[in-house]
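Heads up: the structure comes next, in structure tokens.
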Amino acid sequence: DLRLLRLGLSPRNSLTGRVIWLTGASQGLGEELASVLVQDHGARVILSARRPSQLERVARGLGGPEQAYVLPLDMLSDQVTLEAAVAEAEAAFDGQ
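Following this line, the structure appears as structure tokens:
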């Protein structure tokens, strides 16, 4: 239940314009958390999971590439793949 997140952030600790990277974002809790962060708190998100088509669906629901960057990733990947994903994530919203 994400009611605490919805109620817990005040304007002085707003997430407006901040970028948050979520793994497991293609469904369930990850998808719901992405929605709360973008729609209720003004954050932009990087969405990661193993299923690109599901991530694209979630991103469209959040307003598209201005709000949600899709970065398909299996978190059990080798270190080189994970390091490349980190570099891509850092560049996703012009390093913000």
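Under our numbering, the residues of the sequence shown are numbered 2 to 97, in order.
Cβ atoms here follow ideal geometry from the backbone N, Cα and C, with glycine treated the same way.
Considering Val71, what are the terminal residues of the beta strand (DSSP E) in which it resides? Segment 69 to 71, the beta strand (DSSP E) holding Val71.
Count the other CB atoms within 10 Å of the CB of Val87; is the residue buried (16 or more) or exposed (fewer)? Counting of Cβ neighbours within 10 angstroms places Val87 among the exposed residues, the total staying below 16.
Classify Glu84: buried if its beta carbon has 16 or more other beta carbons within 10 angstroms, exposed otherwise. Classification of Glu84: exposed, given that the 10 Å Cβ count is below 16.
Hey, how far is the Cα of Tyr70 from the Cα of Val37? In a straight line, the C-alpha of Tyr70 is about 16 Å away from that of Val37.
Candidates Leu48, Ser49, Leu34, of which the one nearest His42 by Cα: Leu34
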